[in-house]
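Asker:
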Amino acid sequence: MPELPEVEVVRAGLEPAVTGAVISGVEVLDRRALKRHDPIRGDFATLLTGARLRGAVRRGKYLWFPLAGSSREADVPADSSTGSDVLSGGDVLSGRDVLSGRDVLSGRDVLAGGDGLAGGDVLAAHLGMSGQMLLREPGRDDKLTRIRLTLDHPEHGELWLNFVDQRLFGGMMIDSLVPTPDARPAGFGGALEPGAWIPRTAAHIARDPLDPHFDDRAFFAGLARRRTGIKRALLDQTLISGIGNIYADEALWAARLHYDRQAAGIPLTRRRDLLEQVRGVLRRALAEGGTSFDAQYVNVNGNSGYFAHSLNAYGQQGKACPRCGGEIVRESFMNRGSHFCPRCQRKR
DNA sequence: AAAAGTACCTGCGCGC
DNA sequence: TGCGCGCAGGTACTTT
Numbered sequence: 000m001p002e003l004p005e006v007e008v009v010r011a012g013l014e015p016a017v018t019g020a021v022i023s024g025v026e027v028l029d030r031r032a033l034k035r036h037d038p039i040r041g042d043f044a045t046l047l048t049g050a051r052l053r054g055a056v057r058r059g060k061y062l063w064f065p066l067a068g069s070s071r072e073a074d075v076p077a078d079s080s081t082g083s084d085v086l087s088g089g090d091v092l093s094g095r096d097v098l099s100g101r102d103v104l105s106g107r108d109v110l111a112g113g114d115g116l117a118g119g120d121v122l123a124a125h126l127g128m129s130g131q132m133l134l135r136e137p138g139r140d141d142k143l144t145r146i147r148l149t150l151d152h153p154e155h156g157e158l159w160l161n162f163v164d165q166r167l168f169g170g171m172m173i174d175s176l177v178p179t180p181d182a183r184p185a186g187f188g189g190a191l192e193p194g195a196w197i198p199r200t201a202a203h204i205a206r207d208p209l210d211p212h213f214d215d216r217a218f219f220a221g222l223a224r225r226r227t228g229i230k231r232a233l234l235d236q237t238l239i240s241g242i243g244n245i246y247a248d249e250a251l252w253a254a255r256l257h258y259d260r261q262a263a264g265i266p267l268t269r270r271r272d273l274l275e276q277v278r279g280v281l282r283r284a285l286a287e288g289g290t291s292f293d294a295q296y297v298n299v300n301g302n303s304g305y306f307a308h309s310l311n312a313y314g315q316q317g318k319a320c321p322r323c324g325g326e327i328v329r330e331s332f333m334n335r336g337s338h339f340c341p342r343c344q345r346k347r
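Here numbering that gives the first Met the number 0 is used: the first sequence runs in plain steps of one and ends on residue 347.
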């Protein structure tokens with residue numbers, strides 16, 4: 000389901016509700032929704048109960064919520080003999096400034112709660128194909144809720160956060176932060192400055208094209224090296240993140256590129272144009288609240304976005320191409336649909 | 001090493 | 001109405 004615009008709608012919707020909230024209850028209704036959680040680090044519910052959420056951060060389609068460290072961690076003496084990063088003066092492993100005892104990720108004092116958590120741990124989430132994060136009045140259940148967090152917010156009071164996922168390709172986990180390879184802020188955190196720390200599970204993906212630190216030149220060079228079709232390259236989250244099947248088809252339509260054209264053979268000017276189209280499509284979709292065809296994709300209140308009305312190629316098979324009037328076709332590719340206009344998106 | 005294939009899942013809508 | 005089938009917006013792991 001959700002690609003960058005949809006995940007960003009979720010992030011922005013959650014941000015005011017989770018920032019500063021304490022997790023007062025955790026119900027894991029289906030353990031398969033924890034499949035990326037490493038049980039060795041402790042029980043998900045136990046670790047999370049009592050922890051305080053500090054914000055909501057996103058890179059591409061990955062979401063995470065930095066947690067305040069546990070009381071136990073806060074008692075750790077300022078011992079610079081272990082794991083301290085000389086250059087930053089901070090503790091690489093925990094994301095905490097060892098000398099000052101303050102949390103370098105937020106600049107705030109580490110709070111008690113979430114016993115067993117290390118400073119710099121996060122609640123990480125991926126929505127997969129069908130995941131939703133719904134904010135509800137306590138007592139309001141949703142069918143297919145897999146994990147429920149009860150949030151206690153100093154201003155908003157008590158809320159349920161239902162993680163709903165039909166297909167169970169998504170999930171939640173507790174993860175630790177590692178330094179970003181380029182030492183720049185990890186992702187988009189709204190009001191929260193995420194710092195140059197990223198969850199281990201998301202560390203391998205590239206920045207997304209709306210990230211101010213996205214490296215355009217590295218992307219163009221990466222495309223030039225790919226011996227594969229351009230759509231495969233766009234969907235490769237290690238090259239550029241946040242794009243899924245819908246926006247790949249839409250951006251390729253806008254750039255007049257055939258989905259299976261060899262990435263390496265595309266001239267630089269057209270690679271530049273493609274990136275511009277990618278950004279345009281993602282920004283427009285975001286402005287309309289994301290794309291939804293049904294209740295499968297919704298924001299945190301359960302409402303749908305409007306971008307489905309603006310699609311030019313995705314799902315438009317049989318209809319006229321809005322640009323040239325040719326007929327949009329759907330072809331099976333990579334076990335999914337590719338939608339394009341054979342007239343203005345020619346392979347050669 | 002990079003690229004392609006496969007596994008992971010459930011529910012819905014469609015045609016018969 | 002009931003049933004089987006195809007379809008779904010993603011990622012991680014394995015194989016080549």
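Glycine included, C-beta positions come from ideal geometry on N, C-alpha and C.
Nothing here was measured: the structure is a model prediction, and the numbers come from that model.
Compute the beta-carbon to beta-carbon distance between residue 385 and residue 55, rounded to the nearest angstrom, for a pair I have assumed lies under 8 Å.
Answerer: A query on residue 385 cannot be resolved here, the shown segment of the chain reaching from 0 to 347 and no further.
Asker: Can you tell me the Cα-Cα spacing of residue 182 and residue 194, whole angstroms?
Answerer: For residue 182 and residue 194, the distance between alpha carbons rounds to 9 Å.
Asker: Given that a residue counts as buried once 16 or more other Cβ atoms are within 10 Å of its Cβ, and exposed if not, what is residue 43?
Answerer: Residue 43 is buried by the Cβ-count criterion.
Asker: Per DSSP, which one or two residues make a beta bridge with residue 178?
Answerer: DSSP lists 196 as partners of residue 178.
Asker: Rounded to whole angstroms, how far is the Cβ of residue 263 from the Cβ of residue 225, which I believe are closer than 8 Å?
Answerer: Indeed they touch by this definition, with Cβ atoms about 6 Å apart.
Asker: The alpha helix (DSSP H) with residue 344 in it runs from where to where?
Answerer: Note, residue 344: premise wrong, no alpha helix (DSSP H); not H, not E.
Asker: Given a cut-off of 8 Å on the beta-carbon distance, is the pair residue 173 and residue 36 in contact?
Answerer: Yes, the Cβ-Cβ distance between residue 173 and residue 36 is below 8 Å.
Asker: Taking only the alpha-carbon atoms, compute the straight-line gap between residue 180 and residue 205 and give it to the nearest angstrom.
Answerer: Straight-line Cα distance between these residues: approximately 10 Å.
Asker: Taking the continuous alpha helix (DSSP H) assigned at residue 218, which residues delimit it?
Answerer: From DSSP, the alpha helix (DSSP H) with residue 218 extends over 215–224.
Asker: Could I get the ranges of all uninterrupted beta strand (DSSP E) runs contained in the stretch 104–177, with 3 residues as the minimum, in chain order?
Answerer: Runs found: 120–125, 130–135, 144–152 and 156–164.
Asker: Where does residue 268 land, buried or exposed, given buried means 16+ other C-beta within 10 angstroms?
Answerer: Exposed, by the Cβ-count rule.
Asker: What first and last residue would you give for the beta strand (DSSP E) that runs through residue 12?
Answerer: Counting along the chain, residue 12 falls outside any beta strand (DSSP E), though it belongs to the alpha helix (DSSP H) covering 3–17.
Asker: So residue 162 and residue 139 are in contact, right, with Cβ under 8 Å, and what is the actual spacing, rounded?
Answerer: Not confirmed; about 14 Å, so no contact.
Asker: To which residues of the same chain is residue 47 closer than 6 Å at the C-beta, ignoring the five residues directly before and after it?
Answerer: Cβ within range, chain order: 22 and 25.
Asker: Where do the ends of the alpha helix (DSSP H) carrying residue 279 lie?
Answerer: 267–286 is the span of the alpha helix (DSSP H), which, as asked, contains residue 279.
Asker: Below 8 Å on the Cβ atoms is my contact criterion, and I expect residue 34 with residue 125 to pass it. Report the Cβ-Cβ distance as a whole number of Å.
Answerer: The pair is not a contact, with the Cβ atoms about 10 Å apart (cut-off 8 Å).
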